[in-house]
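In the order they appear, the protein sequences are chains R and B. Going by UniProt numbering, the first residue of the first sequence is number 1, and it counts up by one from there. Going by UniProt numbering, the first residue of the second sequence is number 1, and it counts up by one from there. C-beta atoms are modelled at their ideal positions from N, C-alpha and C, and glycine is treated no differently. Here the structure is laid out as structure tokens; the discussion comes afterwards.
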Amino acid sequence: MSLVLNFWLRVTSLFSGFGEQFRAMNKWQRYSAYGLGVVALYLLPYWPDVPVLGQIVNTPGSQFETVLNDQVVIFVLIALGLNVVVGIAGLLDLGYVGFYAVGAYVTAILTSAHGNLPWLLALPIAVVISMLFGVILGTPTLRLRGDYLAIVTLGFGEIIRLTAKNMDWLGASRGISNIKKPPSMFGLKFGVLDAKPYFYLGLTMVFIVIFILHRLEYSRVGRAWVAIREDEDAAELMGVNTFKFKLWAFTIGAGIGGLAGVHYAGKVGFINPDNFPLQLSILFLAAVVLGGSGNMYGAILGGILVAYMPERLRNFSDKRILVFGIVLVLMMVFRPEGILPKRVGNEHKKRRAKSQEGEVAS
Amino acid sequence: MPDWLIIRTFWELTVTGLALGSIYALVALGYTLVYGVLRLINFAHSEIFMVGTFGALLASSQFLSIPLLEDGNYPYRTGMTLIIFLVFIMLIAMLFSGIGAVVLERVAYRPLRGNGDAFGAVVLAFLTAFIVSLVFVDQAKINVIIALLATTPISYAYLRFFKQGRKAPRLAFLISAIGASTAISEAVGVWSKHGRDQYQTPRLLEKKTLFTMFGTDVRIDYAIVIVGALLMMIALTLFVNKTRLGRGVRAVAQDAETSRILGVNVDLIIIVTFALGGVMAGGAAMLFTLVYDQTRFNIGFILGVKSFTAAVLGGIGNLKGALLGGLLLGLVENYGSAIFGGQWKDVIAFVVLLVVLMFRPTGLLGESLGKARV
């Protein structure tokens, strides 16, 4: 038994060593590593052309760039936004698809159905309106406790979808077509067939969102969110205005969901209510928790996996959703904190382990 | 639509609303029981209901070998035969759902509570082996067996030595539930005889008017649904309040740790809770097929969401709340869709939930499975 445990500890320490080594590098080494990573990501659409690697990553049955943009980038954006709400602030949101739909629909209305704005101008408006929806949903419901919040948000997602489906002004079940594409910039043409420009645009959005969230997470606001997640009453007692910060988390999450919606609408050019089913909300949540809720990079990894795996596994065609369900159960049983667990907990553990060692030594 | 229409059809809407509401209420009981005991939204409960409908289908079309049509007519039965058949179908549906719920608990939830056992390990190993066989090979069956032999000890050892006593975070339970829900419904969609198509269930009961009330014909199937649901709920309440196991359920709902110290077998009680919820869902499933004569692999999802809404509406963790919430939801949906049009049905249900929770944040009757009054 102890032999097995010892072995296990060694294996895990092998993996946790990477982060330490990375942090131990000097500034320039670290920056150049980041730079290489970013370049590799922007070259992602060309990965299938690389000999061995291409065999592994390429998706059978669907075009790799399209998968990258329509699935992976969208899911990563959404996982980032939902991670703020669920992972960092600890608010269980099962209706996140609602904000995604609001973003997409506002873009569609402004650029095609009831307006003629360019996509670039619709983008900020759609994000702000999504955030407004976050406030509208959050104000009455954020006073509710965890599980009640879950069902209310779930209801919200359905209300948005059904409203879009039943109102002629919103295109009813026909949906809205001819949504404007993003304008050509930096020599990139946003056409119909080539998904690469959209991928570059989406990836840039992801980097901007990561930057903003990184700043937020380590600011006063981020600390307040973590305090609320860990113990809401204690946070309130320490003078954190919990309602205000919960509403902020909700609003920022909604804004990022809306952004993903804008990007989606701009790419496909046509949306209808069936693009935003309830099941999608659940997939989003699965992405965040699978990757590691509370850890931004975990959420990104989860988003990539949830979006990419079903496409990669197209070989087993109709069994892929079944496999996805089973994988979720297995992951939760064998690694319940997600693939990359949140870092705060680890630091606590390390500190506790150190202090215990100290006690033993003294 | 002018609102005098609802007055004309008020009683008819009431009867159908109560029938639909009774089914919601029965399924809601499963959510409420599990939530009361484990503080867990059992997302996969909707699929337990779905399994029940397939149990009812198997019972009538396979075990009793009743065809969909006999000489171009529905295979109506009368008298004692009908009653025995219906009871038999209901028992089989309950059996399917009950077993499904217990297996679900052992596989998807118990290992997360840090209490995984050999049964869960074998099933988890089987699932792992299944995926491995899909990824790497074509001859799935042989390889599943080989992989199963290899992975079972690993999975068992893992649950036993590394996860024992480690409780997973709450979100992990929810995701596990979602995964199980997806897996169950997809498994039925992939491996049942007609896959994802709709299944018709044999119509044993001639749906004629039983009696007339307030100028409205009350059809016999609606009457059976309402009365049957009420009887099952009374039986459940008696079980929870009067029996030894029921006392255990209430004790664990109040305080799991303390009841463990005082000698309650908490794991057994949790299994009983899941079984009770499953049996109620099975009953609901049979009543559902009685009214609608059909089922499908994804039939549980929306109904499950609605039933969970009903449970929250009444006050989750509260048996009476589930009944009240279910009936209320059924009625509100029916009246609402008569006034605003059927396509707004779900919107109305959720808006009512929002409004109720704004004024009573723990539902109409509050949470109380553990309290003295159940």
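query                                                                                                                                 : result
Chain B contact for G298 of chain R (CB, 9 Å cutoff)                                                                                  : no
Neighbour list for P140 of chain R in chain B, Cβ cutoff strictly below 8 Å                                                           : L354, M358
Top-ranked residue by Cα proximity to G100 of chain B, from B:G120, B:G52, B:R170                                                     : B:G52
Range of the contiguous beta strand (DSSP E) that encloses R219 of chain B                                                            : 216-219
Presumed contact (8 Å Cβ cut-off) between G157 of chain R and L278 of chain R, rounded CB distance                                    : 6 Å
Minimum C-alpha distance to F245 of chain R - residue among R:G37, R:V333, R:G90                                                      : R:G90
Nearest to F99 of chain R (by Cα), restricted to the options R:A126, R:P45, R:A172                                                    : R:A126
Listed by chain order, chain R residues near residue 421 of chain B by CB distance under 7 Å                                          : Lying outside 1 to 374, the shown extent of chain B, residue 421 of chain B is not represented and no answer is given.
Partners in chain B for E236 of chain R, counting only beta-carbon separations shorter than 9 Å                                       : Those do not exist, as E236 of chain R stays about 16 Å from chain B at its closest Cβ, beyond 9 Å.
Beta-carbon contacts of F190 of chain R that lie in its chain and below 6 Å, excluding the five residues immediately before and after : K181, P182, P197
Option nearest residue 378 of chain B by Cα separation, candidates B:S155, B:E257, B:L313                                             : What is shown of chain B runs 1 to 374, which leaves residue 378 of chain B out entirely.
Distance, P169 of chain B Cα to residue 363 of chain R Cα                                                                             : Residue numbering for chain R in the displayed model covers 1 to 362; residue 363 of chain R lies beyond these limits and cannot be assessed.
9 Å Cβ cutoff, N166 of chain R in contact with chain B                                                                                : yes
Selection from B:E333, B:L174, B:F340, B:Q62 that minimises the alpha carbon distance to G338 of chain R                              : B:L174
F10 of chain B beta carbon near the ligand HEM (any heavy atom closer than 8 Å)                                                       : This structure does not include the ligand HEM; it has no bound ligands of any sort.
Span of the alpha helix (DSSP H), counted from its first residue to its last, around T111 of chain R                                  : Counting along the chain, T111 of chain R falls outside any alpha helix (DSSP H), and DSSP gives it neither H nor E.
DSSP state of N298 of chain B mapped onto helix, strand, coil                                                                         : coil
Proximity below 9 Å, CB of V262 of chain R to CB of I88 of chain R                                                                    : no
N73 of chain B in three-state terms, based on DSSP                                                                                    : strand
Helix, strand or coil at L95 of chain B [DSSP, three-state]                                                                           : helix
Status (buried if at least 16 other CB within 10 Å, exposed otherwise) for W248 of chain R                                            : buried
Per-residue contacts from L247 of chain R into chain B (C-beta, under 8 Å)                                                            : The contacting residues do not exist; L247 of chain R stays about 16 Å from chain B at best.
C-beta atoms of L149 of chain R and L92 of chain R nearer than 9 Å                                                                    : yes
Whole-Å CB distance - V279 of chain B paired with G98 of chain B, under 8 Å assumed                                                   : 5 Å
6 Å Cβ shell around G30 of chain B - same chain, five flanking residues per side excluded                                             : H45, G277, M280, A281
Which listed residue (B:T182, B:R360, B:P153, B:L204) has its alpha carbon closest to that of G321 of chain B                         : B:R360
Contact set between G330 of chain B and chain R, taken where Cβ atoms lie within less than 9 Å                                        : Chain R residues near G330 of chain B: none, gap ~17 Å exceeds 9 Å.
Residue interval of the beta strand (DSSP E) (run including M167 of chain R)                                                          : Premise fails: M167 of chain R is in no beta strand (DSSP E) and is neither H nor E.
Three-state secondary structure (DSSP) of Y218 of chain R                                                                             : coil
Identity of the residue in B:S60, B:L104, B:V27 nearest residue 376 of chain B by Cα                                                  : Residue 376 of chain B is absent from the structure shown; chain B starts at 1 and stops at 374.
Cβ contact (3+ pairs, closer than 8 Å) linking the region 181-197 of chain B and the region 291-302 of chain B                        : yes
Chain-ordered chain R contacts of Q343 of chain B [CB-CB under 8 Å]                                                                   : L162, K165, N166
Own chain partners of E206 of chain B with C-beta closer than 7 Å, once the 5 adjacent residues on each side are dropped              : Y76
Within 9 Å, strictly: CB atoms of Y42 of chain R and L203 of chain R                                                                  : yes
Partners in chain B for I78 of chain R, counting only beta-carbon separations shorter than 7 Å                                        : Neighbours of I78 of chain R on chain B: none; closest Cβ ~16 Å, over 7 Å.
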